[in-house]
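Here the structure comes first, spelled out in structure tokens, and everything after it is commentary.
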Amino acid sequence: MTSREQYVVPATNSETAGFSAPKAFESSGEGAQMNYLCADCGIKNTLRRTDPIRCKECGGRVLYKQRTKRQVNPFQRIRS
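Residue 13 in the UniProt record's numbering sits at position 13 of the sequence shown, with consecutive numbering throughout.
Structure below.
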């Protein structure tokens, strides 16, 4: 085996590699929250990525994602 074919351990320090490694997820779990409506009782639930998909009031498992309040025009790109 020549020296060219030997395995080289990657640098553990991100500054030596010339870039910063991306952060996967926040460890505290305070990431983005989404609002959902329960199909059974209609209560608004706020869930994070790590939360179980269950209503906090009735325990129902069917949750609907709320629609956007922003006005969306589907024919916007037709006119040129």
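No residue lacks a Cβ here, since even glycine has one placed at the ideal position from N, Cα and C. On a predicted model such as this, the values are computed, not experimentally measured, just so you know.
Would you kindly report the start and end of the unbroken beta strand (DSSP E) that includes Tyr7? That residue, Tyr7, is in no beta strand (DSSP E); it is neither H nor E in DSSP.
What does the alpha-carbon distance come out to for the pair Gln33 and Glu57? 18 Å
For Cys38, which residues does DSSP report across the bridge? Leu63
Beta carbon of Leu63 nearer than 8 Å to that of Cys38: yes
Range covered by the beta strand (DSSP E) that runs through Thr46: Lys44 to Leu47
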